[in-house]
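To start, the structure under review is shown below, and the notes come after it.
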Amino acid sequence: MREYARFFKALSDPTRLRILLLLSRGELSVGDLTRSLKLPQSTVSRHLAYLRGAGWVDDRRDGVRIIYQLVKSGIDMQRRLLFLLEKELYDLPVVQQDFKARDNLKQAQPARQAPTAGVPPDRSYR
Numbered sequence: 001m002r003e004y005a006r007f008f009k010a011l012s013d014p015t016r017l018r019i020l021l022l023l024s025r026g027e028l029s030v031g032d033l034t035r036s037l038k039l040p041q042s043t044v045s046r047h048l049a050y051l052r053g054a055g056w057v058d059d060r061r062d063g064v065r066i067i068y069q070l071v072k073s074g075i076d077m078q079r080r081l082l083f084l085l086e087k088e089l090y091d092l093p094v095v096q097q098d099f100k101a102r103d104n105l106k107q108a109q110p111a112r113q114a115p116t117a118g119v120p121p122d123r124s125y126r
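The sequence shown begins at 1 in UniProt numbering and counts up one residue at a time.
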């Protein structure tokens with residue numbers, strides 16, 4: 001029962017709701033979330049740690065960056081709650097601002113290139 005209480009308590013904070021809504025659109029780094037939400041990195045990290053502990057998000061390392069995403073093995077109830085949250089909160093101005101900031105951030109980022117170690121240089125210029 002305590003797990004469920006923590007699970008639902010995670011939804012009781014506006015910042016955590018905003019984070020979940022942004023992550024419902026795809027994975028993001030802590031830096032991306034910080035810029036999209038216009039909040040200090042320490043605040044975003046604290047809320048991400050709470051969401052991870054409550055079973056809402058997973059993280060992975062990408063070099064020095066930590067990338068967050070919604071749990072993929074989430075229970076059906078979790079997916080339904082996220083759908084309901086997005087449906088009910090989508091039109092709020094702050095949510096629209098968050099989505100716009102995320103979209104602008106993603107458009108401004110160059111595509112990450114695969115490492116080229118061990119790949120011979122292109123000699124077509126000769």
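Every residue gets a Cβ at the ideal spot worked out from N, C-alpha and C, and that includes glycine.
Because the structure is a prediction, the values reported are computed rather than measured.
Quick one: what's residue i bridged to in DSSP?
{"i": "Ser24", "result": "None; Ser24 has no bridge partner."}
Under 7 Å, do residue i and residue j count as touching if we go by C-beta distance?
{"i": "Phe7", "j": "Gly55", "result": "yes"}
{"i": "Tyr50", "j": "Val57", "result": "no"}
{"i": "Arg35", "j": "Leu105", "result": "yes"}
{"i": "Asp98", "j": "Leu48", "result": "no"}
{"i": "Ser24", "j": "Glu86", "result": "yes"}
{"i": "Leu33", "j": "Val44", "result": "yes"}
With a threshold of 8 Å on Cβ separation, who are the neighbours of residue i within its own chain once the five nearest residues in sequence on each side are excluded?
{"i": "Gly31", "result": "Gln41, Arg65"}
{"i": "Lys38", "result": "Ala101"}
Which of the three DSSP states, helix, strand or coil, is assigned to residue i?
{"i": "Ile66", "result": "strand"}
{"i": "Asp103", "result": "helix"}
{"i": "His58", "result": "Just to set this straight, residue 58 is Asp in the shown sequence, not His. Of the three classes helix, strand and coil, the one that applies to Asp58 here is strand, per DSSP."}
{"i": "Ser36", "result": "helix"}
{"i": "residue 158", "result": "Absent from the structure is residue 158, since the part of the chain shown begins at 1 and ends at 126."}
{"i": "Ser12", "result": "helix"}
Below 6 Å CB to CB, which residues in the same chain sit around residue i once its five sequence neighbours on both sides are set aside?
{"i": "Thr116", "result": "Legend: pLDDT at Thr116 = 45, less than 50; position of this residue unreliable, value from coordinates given subsequently. Contacts found: none."}
{"i": "Thr15", "result": "His47"}
Considering just the uninterrupted stretch of the alpha helix (DSSP H) at residue i, what are its terminal residues?
{"i": "Gln78", "result": "76-89"}
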